[in-house]
Amino acid sequence: MPKRRGRSTAGASRRSGASSFGDIGELLHRMQDTPATAASVCSVEAPRRGETEAASWETTLSPDVRAPPPPPRITSSPRVEELPEDGLHLPLEARKSTEGSREMDSLSFQVSPGEAEDSTTSVGNRAQERDNQDLLSAGEKIKTIKDIYTIEKPREVTLDSIWDLVANLVTSLKPQLALLEDKLENQDTDIKNLKVEMKDSKNSIENIQQELKVSKQLSETLVRDNSNLRRKLEFLENSSQNNNLRLINFPRIAAVPPRDMLKRYITEIWEISEDMIPPFTHVYYLPSKIKEQQLQRQDDIQPLNVSAMLELSDRESAVAATLLVTVALAPDKNWLLRLFFKNKQKDFLGHKVLMFPDLGRDTQKRRREFLMLKPGVISLGGSFFLRHPCKCIIHYRMTKYVFFEPPQLTAFLAGARMDEGKVLSAV
Numbered sequence: 001m002p003k004r005r006g007r008s009t010a011g012a013s014r015r016s017g018a019s020s021f022g023d024i025g026e027l028l029h030r031m032q033d034t035p036a037t038a039a040s041v042c043s044v045e046a047p048r049r050g051e052t053e054a055a056s057w058e059t060t061l062s063p064d065v066r067a068p069p070p071p072p073r074i075t076s077s078p079r080v081e082e083l084p085e086d087g088l089h090l091p092l093e094a095r096k097s098t099e100g101s102r103e104m105d106s107l108s109f110q111v112s113p114g115e116a117e118d119s120t121t122s123v124g125n126r127a128q129e130r131d132n133q134d135l136l137s138a139g140e141k142i143k144t145i146k147d148i149y150t151i152e153k154p155r156e157v158t159l160d161s162i163w164d165l166v167a168n169l170v171t172s173l174k175p176q177l178a179l180l181e182d183k184l185e186n187q188d189t190d191i192k193n194l195k196v197e198m199k200d201s202k203n204s205i206e207n208i209q210q211e212l213k214v215s216k217q218l219s220e221t222l223v224r225d226n227s228n229l230r231r232k233l234e235f236l237e238n239s240s241q242n243n244n245l246r247l248i249n250f251p252r253i254a255a256v257p258p259r260d261m262l263k264r265y266i267t268e269i270w271e272i273s274e275d276m277i278p279p280f281t282h283v284y285y286l287p288s289k290i291k292e293q294q295l296q297r298q299d300d301i302q303p304l305n306v307s308a309m310l311e312l313s314d315r316e317s318a319v320a321a322t323l324l325v326t327v328a329l330a331p332d333k334n335w336l337l338r339l340f341f342k343n344k345q346k347d348f349l350g351h352k353v354l355m356f357p358d359l360g361r362d363t364q365k366r367r368r369e370f371l372m373l374k375p376g377v378i379s380l381g382g383s384f385f386l387r388h389p390c391k392c393i394i395h396y397r398m399t400k401y402v403f404f405e406p407p408q409l410t411a412f413l414a415g416a417r418m419d420e421g422k423v424l425s426a427v
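Sequential numbering from 1 applies to the sequence shown in the UniProt record's numbering.
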């Protein structure tokens with residue numbers, strides 16, 4: 001039996017060469033008389049000289065009667081000392097209760113940071129499940145992958161549980177795989193349908209683009225043909241009215257026919273005998289709705305007085321009107337125009353008559369637009385000439401310009417004004 005030695009707890013140093021016990025015999029005698037049952041600390045004597053002395057643990061060679069200390073614990077569980085020692089046989093019920101308490105204690109106190117996070121996650125999952133249940137109770141339908149298959153974390157993970165998990169992995173993933181296959185099939189079908197629809201839409205778009213090209217070409221052709229037709233119609237109208245002369249502000253007397261008034265005008269103003277007057281195919285007044293309405297109102301208001309009409313002179317009874325004359329021969333038209341320009345300043349019955357060649361409506365409209373642009377040309381220092389039937393000639397900065405459409409002249413004037421402004425700013 002090995003002898004047990006005690007240790008001093010006071011830690012006081014002893015004087016060299018001094019022993020609290022005598023020789024070995026006295027020590028053995030003292031040990032046999034008073035066996036030590038527990039570690040006791042001798043009182044520290046304080047001699048007068050100030051030296052301290054502590055007694056060591058009392059030891060004995062007899063066998064120890066006390067129970068051995070329990071094995072060291074891996075975890076700090078408060079109930080470990082209550083568990084039975086290894087090698088002791090306990091009843092089955094006590095053993096089960098002891099193992100159960102040990103498992104509970106180890107699980108309750110052996111918590112790692114990862115398990116703490118898992119527990120927090122499980123708490124969050126449970127809260128989310130409660131929220132989903134509340135939403136489902138309210139009538140909303142929620143489909144998640146957890147509704148298909150959920151795995152609960154076991155309280156204790158062993159190799160058997162891992163093997164069971166691996167063995168049942170196919171069974172656990174089979175519903176999810178089936179659902180994914182169904183979704184993939186549906187997506188594949190939808191993609192095929194979309195491809196077909198996209199192909200059809202692409203073909204339809206190509207057809208529409210071709211139709212647009214054809215319609216664009218057709219519209220361009222129609223616009224070009226329309227402009228050509230309008231020009232041809234205008235040319236035909238001007239050709240048909242080439243022998244016509246229009247006398248504006250020509251005096252009109254109700255009792256005198258228009259042909260007699262024309263002969264009177266030629267003989268009195270142009271001083272030509274009746275034998276030299278060229279033949280006319282048509283001579284008539286153009287109707288005027290406003291003047292006719294005014295005359296009808298005057299007739300309705302005042303009764304017709306024949307004696308008063310006879311007493312009035314031709315100058316007083318004459319009313320301005322438009323006379324249209326058609327010459328039988330084209331050379332006679334030019335001869336009459338030359339006679340008019342020689343005597344255009346003379347008045348006939350108090351009216352200043354103007355003579356123009358008769359033209360179509362489109363030509364007359366363009367001529368009016370050209371005449372409205374004449375002041376702009378003159379303000380820039382250019383000269384303006386309007387030829388028959390509708391040909392505008394401009395001389396600007398020693399250069400001759402010819403225009404057949406009023407928009408062309410408008411653009412030219414805008415550019416000329418910009419050039420004039422640049423020159424003025426530079427100066």
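Cβ coordinates follow ideal geometry from the N, Cα and C atoms, glycine included.
For methionine 261, the secondary structure class from DSSP, reduced to helix, strand or coil, is helix. Looking at the DSSP output, alanine 321 sits in a beta bridge with Phe250. Note on geometry: alpha-carbon atoms of serine 172 and glutamate 197 lie some 39 Å from one another.
If you check the CB distance, threonine 326 and histidine 395 do not come in under 8 Å. Inter-residue distance for leucine 359 and glycine 421 is about 39 Å (C-alpha atoms, whole angstroms). For the 8 Å CB-CB criterion, asparagine 238 and threonine 410 do not form a contact. Contact fails between the segment 328-335 and the segment 260-267, because fewer than three Cβ pairs, one in each stretch, are under 8 Å apart. Considering only Ile248, Glu211, Leu236, the residue with the shortest C-alpha distance to leucine 354 is Ile248.
With contacts defined as CB atoms closer than 8 Å, proline 406 and arginine 361 fail to qualify as a contacting pair. Between the C-alpha atoms of leucine 169 and asparagine 193 there is a straight-line separation of about 36 Å. Judged by pairs of C-beta atoms under 8 Å, the segment 268-286 does not touch the segment 210-227, as fewer than three such pairs exist. 8 Å or more divides the Cβ of proline 258 from the Cβ of leucine 349. Setting aside the 5 residues that flank it on each side, leucine 339 is surrounded in the same chain by Trp270, each with a C-beta closer than 6 Å to its C-beta; the list follows chain order. Minimum Cα-Cα distance from isoleucine 253 among the listed residues Lys195, Ala321, Leu222 corresponds to Ala321.
Under DSSP, leucine 386 shares a beta bridge with Cys392. The three-state secondary structure of leucine 233, taken from DSSP, is helix.
Annotation for lysine 400: the continuous beta strand (DSSP E) segment containing it runs 400-403. CA-to-CA, the gap between phenylalanine 385 and isoleucine 393 works out to about 5 Å. Spanning the alpha carbons of proline 375 and histidine 388 requires a straight line of approximately 20 Å. With a beta-carbon spacing of about 5 Å, phenylalanine 356 and arginine 246 fall inside the 8 Å limit used to define contacts.
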